[in-house]
Amino acid sequence: MSTADPAPKLKLGWEEWVSLPDLGLPALRVKVDTGARTSSLHATGIETFGPASAPKVRFMVHPIPGQYDLEIPCSALIKDRREVTSSNGESEMRFVIETALEIGGQSWPVELTLTDRRGMAKHMLLGRQALTENVTVVPGERMCQPALDYSVYASANIRKSAPKRALRIAVLSREDNYSTRRLVEEGELRGHTVEVINTTRCYMALNALAPEIHYDGKRLPRYDAVIPRIGASVTQYGTALLRQFETLGTFCVNGSEGITASRDKLHAHQILARHKIGMPATAFAASPKDTGSLIHIVGGAPLIVKLLESTQGKGVVLAETKKAAESVITAFRGLKANFLVQQFVKEAAGVDIRCFVVGSKVVASMKRSGAEGDFRSNLHLGGSAESVRISKEERATAVRAAKAFGLNVAGVDLLRSETGPKVLEVNSSPGLEGIEKTSSKNIAGLIYSEIEDRVRPAPMRRLKPSSS
1 MSTADPAPKL KLGWEEWVSL PDLGLPALRV KVDTGARTSS LHATGIETFG
51 PASAPKVRFM VHPIPGQYDL EIPCSALIKD RREVTSSNGE SEMRFVIETA
101 LEIGGQSWPV ELTLTDRRGM AKHMLLGRQA LTENVTVVPG ERMCQPALDY
151 SVYASANIRK SAPKRALRIA VLSREDNYST RRLVEEGELR GHTVEVINTT
201 RCYMALNALA PEIHYDGKRL PRYDAVIPRI GASVTQYGTA LLRQFETLGT
251 FCVNGSEGIT ASRDKLHAHQ ILARHKIGMP ATAFAASPKD TGSLIHIVGG
301 APLIVKLLES TQGKGVVLAE TKKAAESVIT AFRGLKANFL VQQFVKEAAG
351 VDIRCFVVGS KVVASMKRSG AEGDFRSNLH LGGSAESVRI SKEERATAVR
401 AAKAFGLNVA GVDLLRSETG PKVLEVNSSP GLEGIEKTSS KNIAGLIYSE
451 IEDRVRPAPM RRLKPSSS
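Residues 1 to 468 in the UniProt record's numbering are what the sequence shown spells out, letter by letter.
Dropping the structure here:
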């Protein structure tokens, strides 16, 4: 508002409707109290985060008194921390933030202290410090300015209008590799606080009232989102930890069920079959008497034998003849290893397509070729990669496969066969290095765009009638 154009006079009663748009709170009923010096906003789960040079505070707001199933997550820069004495004489240290207040078509910045006002009739108090010179308060009147409506919290607009805010994000990873570093770097560039948590150093407190996760002797704070980068060797513990985050209501980029299913090759192929997604013919048996039938089901040699828990091409063997296939299967059974037998797609010629899916889109793809003399195309085993254009059918197959596992981020590996794309694997922790370098795209940024969209508040399913 320009100093040359003074704001028009604004009359307020003791109760009014206001908006705090920068906090994603489009409708709040407030008590206007000139007897109070400071203004306060009802907040729970108050936790600080971010660097010491620019500390932030994350908190939850229940905008509708008595309706505590509606929670709006907020975050803001900390302006100060002050001792505030309430009307009943109790003193409390409170964080102070500054945000825009909108009322009666006018907007100006106000300072708000954060405190738990549960049980109070109004979840926000507007004190005299927040009132500008053009404001007149008439204590005997109420609702002098246009009324707003809590129904906005039940509309789709609550999601669309939610402001972009600084998020607190955990990356579950035990490795300091390219993918982890890029996720930290990109998140911080976007103004978020990203913390790398070693999966195996976490431990969990299980109870009905307040489940918790502890790390290095301290309770972990509440995160807006968790990006799991769980290694195959700690899948069981990592997914148990992820279930704890899910219990706490934290948005997990990939859920525990999808990760668990994707790591079990037999279960994964059963999910693909259930959703009628093309894949190489696959067989599995427990008895050594069924070796001949297994080989026949997948179309005979040459064929692939895979350990069920293999990763990065390890534990995958090409048997070029029936005799070789029988020998490999007998050897695996002798080791009491679980494995499956799979059709070898000759026309793929040791080349597969990695489709990187974020949300409901293939955001990048690359063609991976095996090292000379190796049918496996994994980059970890010396394979090479280059950018590739994929067909509409390949794109749709990759998206369907990721959706079948409930994964928001996935690397879907396809083979190009004479009968259309065949899904080899759905990777729930795809690496970023190969795909970013071959596609020259900011994949980490696209993952954060998905997170930022998903953590926006969802519309309420039902709205309790409020008393006037």
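Yeah, the Cβ is synthetic: ideal placement off N, Cα and C, and Gly gets one too.
Under the three-state DSSP convention, the category residue i falls into
| i | result |
| --- | --- |
| SER155 | coil |
| LYS361 | strand |
| TYR237 | helix |
| GLU436 | helix |
| HIS123 | coil |
| GLY45 | strand |
| PRO21 | helix |
| VAL110 | strand |
| GLN343 | strand |
| GLU195 | strand |
| ARG354 | strand |
| SER91 | strand |
| ARG389 | coil |
| LYS9 | coil |
| LYS367 | strand |
| LEU189 | helix |
| PRO459 | coil |
| ILE451 | helix |
| TRP14 | coil |
| LEU101 | strand |
| SER468 | A caution first: SER468 carries a pLDDT of 49, below 50, which makes its placement in the model unreliable, though a value can still be read off. Reduced to three states, the DSSP call for SER468 is coil. |
| HIS62 | coil |
| THR200 | helix |
| THR180 | helix |
Inter-residue CB distance, residue i and residue j (contact presumed, cutoff 8 angstroms)
| i | j | result |
| --- | --- | --- |
| ARG229 | SER439 | So it is not a contact: roughly 20 angstroms between Cβ atoms. |
| CYS355 | VAL362 | 5 angstroms |
| GLN145 | GLU16 | 5 angstroms |
| LEU340 | PHE284 | 5 angstroms |
| LYS164 | GLU452 | 6 angstroms |
| VAL96 | ARG82 | 6 angstroms |
| VAL399 | LEU272 | Rounded, the Cβ-Cβ distance is 13 angstroms, inconsistent with contact. |
| ALA225 | ILE158 | Rounded, the Cβ-Cβ distance is 19 angstroms, inconsistent with contact. |
Cα-Cα separation, residue i to residue j
| i | j | result |
| --- | --- | --- |
| VAL328 | VAL305 | 8 angstroms |
| LEU126 | GLY105 | 17 angstroms |
| TYR215 | VAL57 | 21 angstroms |
| LEU20 | LEU41 | 10 angstroms |
| GLU153 | PRO459 | Before going on, a small fix: residue 153 reads as Tyr here, not Glu. Roughly 6 angstroms between the two C-alpha positions. |
| ASP80 | ALA402 | 45 angstroms |
| ASN134 | TRP108 | 12 angstroms |
| ALA281 | ILE297 | 7 angstroms |
| LEU28 | THR132 | 19 angstroms |
| VAL426 | ALA261 | 10 angstroms |
| ASP413 | GLU185 | 27 angstroms |
| ASN408 | GLU141 | 52 angstroms |
| ILE103 | GLY45 | 27 angstroms |
| ARG395 | SER360 | 10 angstroms |
| ASP22 | ALA268 | 43 angstroms |
| SER86 | ALA240 | 44 angstroms |
| ASN442 | LEU183 | 11 angstroms |
Status (buried if at least 16 other CB within 10 Å, exposed otherwise) for residue i
| i | result |
| --- | --- |
| SER391 | exposed |
| VAL138 | exposed |
| MET366 | buried |
| VAL18 | buried |
| TYR223 | buried |
| LEU242 | buried |
| THR397 | buried |
| TYR150 | buried |
| GLY50 | buried |
| ALA100 | exposed |
| PRO8 | exposed |
| ALA205 | exposed |
| ALA444 | buried |
| GLY300 | exposed |
| ALA210 | exposed |
| TYR68 | exposed |
| LYS323 | exposed |
| MET93 | exposed |
| ALA319 | buried |
Cβ pair residue i, residue j closer than 9 angstroms
| i | j | result |
| --- | --- | --- |
| THR193 | LEU167 | yes |
| GLU347 | SER417 | yes |
| ILE78 | VAL61 | no |
| residue 500 | GLU450 | Missing from the structure shown is residue 500; the chain here goes from 1 to 468 and no further. |
| VAL234 | ARG181 | no |
| VAL110 | SER39 | yes |
| THR291 | THR321 | no |
| ASN207 | LEU266 | no |
| PRO65 | LYS122 | yes |
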